[in-house]
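Visitor: Structure in structure tokens, see below.
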Amino acid sequence: MLDRYLWGKVERISPEAPVPVVDVNSEENRPGGAANVALNLAALGVQPLLCGLVGDDPEGALLRQLAQLANFDTRPLLASSERRTTLKVRILGNRQQVLRVDREDRFGLTAAESTGLQAKLVPLWDEIDGLILQDYDKG
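Residue numbering for the sequence shown follows the numbering used here, beginning at -2 and increasing consecutively.
Right, dumping it as structure tokens:
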């Protein structure tokens, strides 16, 4: 899961609907979901091994890059052409969240995805000291 934050100023209301217009001046992408848990563990000195599915898309590539920059072991991170990387976009105006836009596929793992994850994780099992499971039921 990739979290994207758009920050800006609100100085007017849209003429098309009674909603604020956010003039975006800053954008940040962060690891979200289980990757955020891994980020917090890394801050405590743990070496996270991130296992899960991302889409075979630009957001999945960006999430993998962010995880690698945070020194996560991403060997068991599987890119799937069957789904999109879950993306949560939070739009903040004047430091207050105005809107969240979600883009996600809500279906279970395919047989190929399940087999692929097992093939990536099982050989690493002896390297794992602890396991945290986080399931959003989104693959």
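Beta carbons are placed, not taken as given, at the ideal position from N, Cα and C, and that holds for glycine.
Short check: CB of Leu36 to CB of Ala76, under 8 Å?
Guide: In this structure, Ala76 does not lie closer than 8 Å to Leu36 by Cβ.
Visitor: Mind checking Trp122: buried by the 16 CB within 10 Å criterion, or exposed?
Guide: Exposed, since its Cβ has fewer than 16 Cβ neighbours within 10 Å.
Visitor: From which residue to which residue does the alpha helix (DSSP H) around Ser111 run?
Guide: From DSSP, the alpha helix (DSSP H) with Ser111 extends over Ala108 to Leu118.
Visitor: Across the stretch 104 to 113 and the stretch 56 to 74, are there enough close Cβ pairs to call them in contact, namely three or more that are closer than 8 Å?
Guide: Taking 8 Å as the limit for Cβ pairs, the verdict is that the stretch 56 to 74 does not touch the stretch 104 to 113.
Visitor: Taking Leu118 as the reference, which of Gly105, Leu50, Val95 and Gln93 has the closest Cα?
Guide: Among Gly105, Leu50, Val95 and Gln93, the Cα nearest to that of Leu118 is on Leu50.
Visitor: Answer yes if the stretch 32 to 46 comes into contact with the stretch 6 to 17, meaning at least three C-beta pairs across the two stretches below 8 Å, and no otherwise.
Guide: Flag = no, the stretch 6 to 17 and the stretch 32 to 46 do not touch.
Visitor: Could you check what DSSP says for Asn26 in three-state terms: helix, strand or coil?
Guide: Strand.
Visitor: Between Ile88 and Leu3, is the Cβ-Cβ spacing less than 8 Å?
Guide: Yes.
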